[in-house]
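Report on one structure; see the data block that follows.
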Amino acid sequence: MKNFIAVFALILGLTFLVDIPDAKAQADTQTEQVDTTAQGDKITSVAAHIHDDHEHEIAPFWLVIPFVTLLLMIATGPLFYEHFWHHNYPKVAVGLAIIVVFYYLFVLHNVHGPVHALAEYVQFIALLASLYIASGGILIEIDKKATPMANVTILLIGAVISNLIGTTGASMLLIRPFIRLNKGNIQPYHIIFFIFMVSNIGGSLTPIGDPPLFLGFLKGVPFFWTLEYNWPAWVVALVILAIVFYFIDKKFGRANEEELEEVSYSNKFELIGTKNFIWLGIVILSVFLDPNVIDWVPAIRYDGQKFSFLREIIMLSVAYFSYRFADQKAIKGNEFNFEPIREVAFIFVGIFGTMMPALELVGNFAKSPEGAELITHNTLYWGTGILSGFLDNAPTYLNFLAAAMASQGAEISNLESVRNFALNNYDDSAFELMAISIAAVFFGAMTYIGNGPNFMVKSIAEQSGIKMPSFFGYIIRFSIPILLPVLILTWLIFFAFV
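Residues -25 to -1, 1 to 473 in mature numbering (1 follows the signal peptide of the UniProt record, and there is no 0) are what the sequence shown spells out, letter by letter.
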């Protein structure tokens, strides 16, 4: 219980920041309170980190209102004012983002935040768009009866593939075959479990698997670190979800069984558009072209940092050419269109633009002496997890990693420091990173907006005629009763008593 209280104190403690007029003054005050004990040294390093990282005014607490407004409209729009939302969500998302960005630029005189948000958004959408479009040109035909075991097999195969082509690639490659396999009997729970297992938890083993882990790799976490540390929790979570899905599908997936019994199946497997696997391979290889890791990769330099553009040009080029030269039979068979990626692009413009104050407030408090006192592997698990469900999990991962490192006097901007943190060269640092990594990926499945593929899978399902639950319906009917117990059990097994 103390762990739950601590993590909520970590989040609710953001309100204390409203009274902080200036980051420099905060750092000075913290420095004055330093004593000569080891704890005093720790606080000094935290204060210095804050002073170095925040040269601009801190965003006021009320600036999170546009972000909260966007979340509420995403949740209520399709349910209560569907016509308005469907036609105006791009204007709403962009408009709310502009409000926050303009406040940063012209009131706080903070160019750093918007530039970083823009860079992260371009990286995010280039990867998702290229994987979505390239996989859209691959048609998988499975002429087999949809049994609970067949469905579980596809979900588990998808979870493995997620680590090779990313959760986005695996989701886009398999969601349509999964829907076709269950034609005549497809129900919302099929799609929800697909989001749980393929679009999120499945991609826990490699940096390619999920965006937060990829960002960690770019910051200095060794490539095979995630496989070494995350596989036990990956196995436990997937096995539990697979068993739960099997019994749910066995009970509720037989609505049209009599009608389906009359259909004969050849049990054949056909793959059309295989050349698009080459395009997917190019995307996967391009993710390693990071100027912060490879010196010869060209970069845009800003504020002492290097931002990639070659990688994004390659990905967007793949998006164009993979569609331009795709097998038209595969395109038609998949009923491919651009609406799902268009919806994700606009919604996440709003999310990346409006969530800057929320992330800044969380990061500042977590790095402060008060927040540092609360940082343990338990509070990192629940703090990263809770916010990953409602903020995009990639920047949430980076913020909590920065906070965990700052609490031990390390800098996330230093590749060698991140590597040492991952290799447990600080006090229990590898365990803290494990808590952050698993929480960011697993909790990304808690809502439609926790991870990019979730929204795309939902959109594809709705275009196929499946009536998906609303934002709150997803949480209340599926996340809380099914996913949350798995997350709690994961915490109890791997973190609570260590």
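A virtual CB, placed ideally from N, CA and C, is assigned to each residue, including glycine.
Through-space distance from residue j to residue i, alpha-carbon basis
i, j, result
"residue 118", "residue 278", "55 Å"
"residue 258", "residue 140", "9 Å"
"residue 120", "residue 225", "13 Å"
"residue 373", "residue 187", "7 Å"
"residue 443", "residue 222", "21 Å"
"residue 152", "residue 114", "8 Å"
"residue 132", "residue 205", "18 Å"
"residue 183", "residue 169", "19 Å"
"residue 449", "residue 262", "32 Å"
"residue 129", "residue 50", "30 Å"
"residue 100", "residue 45", "19 Å"
"residue 52", "residue 87", "32 Å"
"residue 304", "residue 385", "53 Å"
"residue 64", "residue 369", "23 Å"
"residue 312", "residue 112", "11 Å"
"residue 455", "residue 116", "34 Å"
"residue 250", "residue 347", "51 Å"
"residue 398", "residue 300", "44 Å"
"residue 401", "residue 351", "13 Å"
"residue 252", "residue 85", "42 Å"
"residue 452", "residue 163", "11 Å"
"residue 343", "residue 211", "35 Å"
"residue 433", "residue 321", "15 Å"
"residue 160", "residue 439", "12 Å"
"residue 500", "residue 345", "Because residue 500 is not part of the residues shown, which for the chain are -25 to 473, the question remains open."
"residue 307", "residue 143", "20 Å"
"residue 288", "residue 272", "13 Å"
"residue 122", "residue 158", "12 Å"
"residue 392", "residue 473", "24 Å"
"residue 394", "residue 269", "16 Å"
From the options, residue whose alpha carbon lies closest to that of residue i
i, options, result
"residue 98", "190, 311, 166 and 260", "190"
"residue 214", "251, 408 and 176", "176"
"residue 339", "376, 321 and 316", "376"
"residue 209", "461, 471 and 399", "461"
"residue 220", "243, 125 and 288", "125"
"residue 57", "453, 470 and 445", "445"
"residue 145", "173, 156, 159 and 127", "173"
"residue 228", "156, 245 and 414", "156"
"residue 201", "407, 260 and 180", "180"
"residue 285", "298, 297, 266 and 296", "266"
"residue 310", "407, 150 and 390", "150"
"residue 406", "54, 203 and 315", "203"
"residue 61", "463, 383, 314 and 357", "314"
"residue 463", "357, 383, 382 and 447", "357"
Supposed contact pair residue j and residue i - C-beta distance, whole angstroms, cut 8 Å
i, j, result
"residue 328", "residue 72", "3 Å"
"residue 185", "residue 195", "Actually they do not touch by this definition, with Cβ atoms about 17 Å apart."
"residue 110", "residue 148", "4 Å"
"residue 166", "residue 441", "6 Å"
"residue 330", "residue 366", "5 Å"
"residue 274", "residue 355", "About 31 Å separates the two Cβ atoms, so there is no contact after all."
"residue 436", "residue 136", "That pair is no contact at about 19 Å."
"residue 94", "residue 282", "5 Å"
"residue 333", "residue 77", "Not quite, the Cβ-Cβ distance comes to about 17 Å (not below 8 Å), so this is no contact."
"residue 248", "residue 302", "4 Å"
"residue 353", "residue 470", "6 Å"
"residue 69", "residue 325", "7 Å"
"residue 465", "residue 387", "Not really, about 25 Å apart at Cβ, beyond 8 Å."
"residue 67", "residue 48", "6 Å"
7 Å CB neighbourhood of residue i in its chain, flanking five on each side removed
i, result
"residue 319", "103, 427, 430 and 431"
"residue 192", "182 and 198"
"residue 458", "171, 420 and 421"
"residue 415", "187, 359, 363, 368, 371 and 372"
"residue 468", "211"
Sequence-distant residues of its chain with Cβ nearer than 6 Å to residue i (five each side left out)
i, result
"residue 418", "360, 363 and 364"
"residue 294", "104, 105 and 108"
"residue 404", "396"
"residue 207", "none"
"residue 96", "327"
"residue 254", "109, 293 and 297"
"residue 408", "397"
"residue 380", "387 and 396"
"residue 316", "104 and 107"
"residue 54", "445"
Residue(s) in a DSSP beta bridge with residue i
i, result
"residue 274", "283"
"residue 246", "115"
Residue-level contact to chain E via CB, residue i, 9 Å cutoff
i, result
"residue 372", "Given the protein chain composition of this structure (a single chain), no chain E is represented."
Sequence-distant residues of its chain with Cβ nearer than 8 Å to residue i (five each side left out)
i, result
"residue 217", "127, 130, 131 and 172"
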